[in-house]
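Asks: Residue numbers (our numbering), protein chains in the order written: chain A, 637 to 832; chain B, 637 to 832.
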DNA sequence: GTCTATAATTAGATAGAC
DNA sequence: GTCTATCTAATTATAGAC
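#1: By the criterion of Cβ-Cβ separation under 7 Å, what are the contact partners of residue 820 (chain A) in chain B?
#2: For residue 793 (chain B), decide whether its Cβ has a neighbour in chain A, counting only Cβ atoms nearer than 8 Å.
#3: Would you mind reading off the limits of the alpha helix (DSSP H) that contains residue 892 (chain A)?
#4: Do the stretch 817-825 of chain A and the stretch 720-736 of chain A make contact, defined as three or more Cβ pairs closer than 8 Å?
#5: Would residue 792 (chain A) pass as a contact of residue 767 (chain A) if the rule is Cβ separation under 8 Å?
#6: Do residue 706 (chain B) and residue 665 (chain B) count as a contact pair if the criterion is CB distance below 8 Å?
#7: For residue 827 (chain B), which residues in chain A fall below 7 Å Cβ to Cβ?
#8: From this set, B:736, B:689, B:773 and B:676, which residue's C-alpha is nearest residue 716 (chain B)'s C-alpha?
#9: Compare the C-alpha of residue 614 (chain A) against each of A:660, A:708 and A:786 and name the closest.
#10: Three-state secondary structure (DSSP) at residue 843 (chain A)?
#11: Alpha carbon to alpha carbon, how far is residue 748 (chain B) from residue 785 (chain A)?
#12: Is the stretch 789-805 of chain B close to the stretch 797-809 of chain A, with three or more CB pairs under 8 Å?
#13: Listing by chain order, which chain B residues have their CB less than 9 Å from the CB of residue 823 (chain A)?
#14: May I ask you to list, following chain order, the residues of the stretch 667-693 of chain A that have a beta carbon less than 7 Å from some beta carbon of chain B?
#15: Taking Cβ-Cβ distances shorter than 8 Å, what residues in chain B pair up with residue 749 (chain A)?
#16: According to DSSP, is residue 830 (chain A) part of a helix, a strand, or is it coil?
#17: Per DSSP, what kind of secondary structure is residue 666 (chain B) in: helix, strand or coil?
#18: Counting C-beta neighbours from all protein chains within 10 Å, is the total for residue 685 (chain B) 16 or more, i.e. buried, or is it exposed?
#19: Contact between the stretch 655-671 of chain B and the stretch 650-666 of chain A is defined here as three or more beta-carbon pairs at a separation below 8 Å; is this criterion met?
#20: Under DSSP, the alpha helix (DSSP H) around residue 701 (chain B) begins and ends at which residues?
#21: Which residues, in order along the stretch 759-776 of chain A, keep a beta-carbon less than 9 Å from a beta-carbon of chain B?
#22: What did DSSP end up calling residue 822 (chain B) once you bin it into helix, strand or coil?
#23: Nearest-angstrom Cα distance between residue 814 (chain B) and residue 711 (chain A)?
#24: Do you know how far the Cα of residue 689 (chain A) is from the Cα of residue 787 (chain A)?
#25: Considering only the beta carbon of each residue, do residue 758 (chain A) and residue 700 (chain A) sit closer than 8 Å?
#26: Quick check on residue 680 (chain A): buried or exposed, where buried means 16 or more other Cβ atoms within 10 Å of its Cβ?
#27: Taking a cut of 9 Å between CB atoms, which residues from the stretch 703-736 of chain B lie near chain A?
#28: Leaving aside the five residues before and after residue 650 (chain A) along the sequence, list all residues of the same chain whose C-beta is less than 7 Å from its C-beta, in chain order.
#29: Is DSSP giving residue 644 (chain A) helix, strand or coil here?
#30: What residues of chain B sit near residue 801 (chain A), judged by a beta carbon separation below 7 Å?
#31: Note down the Cα distance separating residue 781 (chain A) from residue 810 (chain B), rounded to an integer number of angstroms.
#32: Going by C-alpha to C-alpha distance, which of A:675, A:751 and A:720 sits closest to residue 831 (chain A)?
#33: Taking the CB atoms as reference points, tell me whether residue 657 (chain A) and residue 736 (chain A) lie closer together than 8 Å.
#34: So is residue 718 (chain A) buried or exposed if we call it buried at 16+ other beta carbons inside 10 Å?
#35: Comparing the C-beta of residue 746 (chain A) with each C-beta of chain B, is any distance below 8 Å?
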């Protein structure tokens with residue numbers, strides 16, 4: 637977290653987090669050294685400790701910020717009353733948000749085991765909160781009879797896993813547009829949960 | 637006791653790989669030291685180098701063996717002629733195989749970036765081969781008119797991501813049996829790809 | 001085959017000059 | 001705020017005794 641408001645802290649602090657995010661995503665938290673991050677920013681290693689008490693906190697702050705942004709962006713969305721429309725909104729939102737932040741997403745899924753226990757627990761609760769958003773939609777549709785699911789929690793995890801998987805292969809330089817991808821996944825999600 | 641030469645090699649080698657697999661899955665390749673692996677096996681660190689030229693090769697061998705086993709197990713399966721039955725077979729096979737090997741699966745997905753380029757390329761080809769198995773089934777169903785998919789490759793990746801996600805939450809101690817889980821996922825996969 | 005000992009390198013983090 | 005210098009500890013891998 638930025639703790640100083642000096643003229644440099646406004647610029648070096650964010651650059652440290654940006655460099656750490658890029659390098660952690662590319663090479664893994666445990667593999668990246670503080671010296672590598674410093675070199676990427678263009679300072680010496682000691683200077684990093686003006687912006688984070690230690691490496692572990694730097695990782696946690698990145699992951700926490702990502703989840704906070706995810707929940708804030710979701711909260712800013714209108715959620716349709718009709719379950720099918722609400723599900724479409726969630727699906728498209730999830731794909732867009734994740735494709736916009738490949739590095740943060742990668743870290744969020746890969747580096748959980750490098751967190752200390754209290755840090756892990758905090759993030760797990762945020763993840764569960766997000767999962768709850770989808771579960772609420774699926775429950776409403778189940779009650780209304782438009783969805784047919786044996787287990788709401790398993791279904792929500794299955795859908796989220798499917799959607800998040802898009803980040804492992806999608807490239808803007810590829811043949812499919814983001815709109816194409818949204819549409820393809822949405823049709824699969826729609827059918828997967830539908831009552832027949 | 638007879639001479640020890642040879643008599644340990646048949647047992648220490650596998651124990652090294654087992655310990656490495658467990659520790660890599662739990663703590664991550666980069667975090668685990670050769671000394672930790674050695675301690676888990678019950679030898680000194682130097683002794684490990686009788687069984688692997690270096691740490692990187694130890695990781696690669698684990699991942700390669702996992703993919704070889706996956707393809708061999710799949711090849712040993714009967715593949716139904718009817719696309720719907722073939723898809724059900726693939727789905728249940730994938731879930732069973734992955735739930736049986738949580739550590740190997742975890743490593744296979746998390747440690748790809750810790751491989752050198754030629755090692756990575758080898759595994760990527762094996763992964764693509766496995767993906768091709770599902771693509772062939774989906775293509776056959778598409779041609780037969782029983783599946784309706786906009787993009788076979790994207791669909792196969794979506795299905796595999798959804799199914800593999802089961803390993804992140806399923807525990808034998810939980811409320812659902814493996815048969816329950818297979819059934820829940822199968823119903824979602826079946827509907828997701830179906831022509832309406 | 002395994003041990004002890006060690007070489008060579010690198011890590012995270014801190015102290016104090018400027 | 002950043003730098004240089006440094007401390008302490010840990011790392012991979014190897015050499016040679018047994």
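The beta-carbon is built from N, C-alpha and C at its ideal position, and this holds for glycine as well. These numbers come from a predicted model, not from an experiment.
Replies: Taking the geometry as given:
#1: Residue 820 (chain A) sits at position 184 when you count from the first residue of the first chain. Neighbours of residue 820 (chain A) on chain B, chain order: 786, 787 and 790.
#2: Reading the second chain from its first residue, position 157 is the one you call residue 793 (chain B). Yes, contact with chain A.
#3: The structure shown does not extend to residue 892 (chain A), since chain A spans only 637 to 832, so no value can be given for it.
#4: yes
#5: Mapped onto the first chain, residue 792 (chain A) falls at position 156. Mapped onto the first chain, residue 767 (chain A) falls at position 131. The answer is yes: Cβ separation under 8 Å.
#6: The residue labelled residue 665 (chain B) in the question sits at position 29 within the second chain. The residue labelled residue 706 (chain B) in the question sits at position 70 within the second chain. In this structure, residue 706 (chain B) does not lie closer than 8 Å to residue 665 (chain B) by Cβ.
#7: Here residue 827 (chain B) refers to the residue found at position 191 when the second chain is read from its first residue. Correct list: 827, 828 and 830.
#8: To locate residue 716 (chain B), count along the second chain from 1; it is residue 80. Per the Cα distances, B:773.
#9: Since the first residue of chain A shown is 637 and the last is 832, residue 614 (chain A) is not available in this structure.
#10: Residue 843 (chain A) is absent from the model: chain A starts at 637 and stops at 832.
#11: Working through the second chain from its first residue, we reach residue 748 (chain B) at position 112. Working through the first chain from its first residue, we reach residue 785 (chain A) at position 149. If I take the Cα positions, the gap works out to 34 Å.
#12: yes
#13: Taking the first residue of the first chain as position 1, residue 823 (chain A) is located at position 187. Per Cβ cutoff of 9 Å: 784, 785, 786 and 828.
#14: 667
#15: Within the first chain, numbered from 1, the residue matching residue 749 (chain A) stands at position 113. By Cβ distance, chain B contributes 662, 663 and 664.
#16: Counted from its first residue, the first chain places residue 830 (chain A) at position 194. Three-state DSSP puts residue 830 (chain A) in a strand.
#17: The residue given as residue 666 (chain B) occupies position 30 in the second chain. In this structure, residue 666 (chain B) counts as coil in the three-state DSSP scheme.
#18: The sequence position of residue 685 (chain B) within the second chain is 49, counting from 1. Counting Cβ neighbours within 10 Å, residue 685 (chain B) comes out exposed, since fewer than 16 surround it.
#19: yes
#20: Counting from 1 along the second chain, the entry for residue 701 (chain B) is found at position 65. Residue 701 (chain B) -> alpha helix (DSSP H) spans 691-711.
#21: none
#22: For this step, residue 822 (chain B) is matched to residue 186 along the second chain. Helix, per DSSP.
#23: Walking along the second chain from the start, residue 814 (chain B) turns up at place 178. Walking along the first chain from the start, residue 711 (chain A) turns up at place 75. Computed Cα separation, rounded: 35 Å.
#24: For this step, residue 787 (chain A) is matched to residue 151 along the first chain. For this step, residue 689 (chain A) is matched to residue 53 along the first chain. Roughly 43 Å between the two C-alpha positions.
#25: Walking along the first chain from the start, residue 758 (chain A) turns up at place 122. Walking along the first chain from the start, residue 700 (chain A) turns up at place 64. Yes. Within cutoff.
#26: The residue you call residue 680 (chain A) lines up with position 44 of the first chain. By the 10 Å Cβ count, residue 680 (chain A) comes out exposed.
#27: none
#28: Mapped onto the first chain, residue 650 (chain A) falls at position 14. So no residue of the chain qualifies.
#29: Numbered from 1 along the first chain, position 8 holds the residue referred to as residue 644 (chain A). Interpretation of residue 644 (chain A) is limited by its pLDDT of 46, a score under 50 that renders its predicted location unreliable; the figure taken from the coordinates is listed afterwards. Three-state result, residue 644 (chain A): coil.
#30: For the purposes of this step, residue 801 (chain A) is taken as the residue at position 165 of the first chain. Those within 7 Å of residue 801 (chain A) in chain B are 793, 794 and 797.
#31: Walking along the first chain from the start, residue 781 (chain A) turns up at place 145. Walking along the second chain from the start, residue 810 (chain B) turns up at place 174. Using only the alpha carbons, I get a separation of about 28 Å.
#32: Residue numbering aside, residue 831 (chain A) sits at position 195 when the first chain is read from its first letter. The shortest C-alpha separation from residue 831 (chain A) is found at A:720.
#33: As a working mapping, residue 657 (chain A) is identified with position 21 in the first chain. As a working mapping, residue 736 (chain A) is identified with position 100 in the first chain. Contact flag unset, no.
#34: On the first chain, residue 718 (chain A) is found 82 positions in, with the first residue counted as 1. Answer is exposed; the Cβ neighbour count stays below 16.
#35: Within the first chain, the letter at position 110 stands for residue 746 (chain A). Yes, residue 746 (chain A) counts as interfacial toward chain B.
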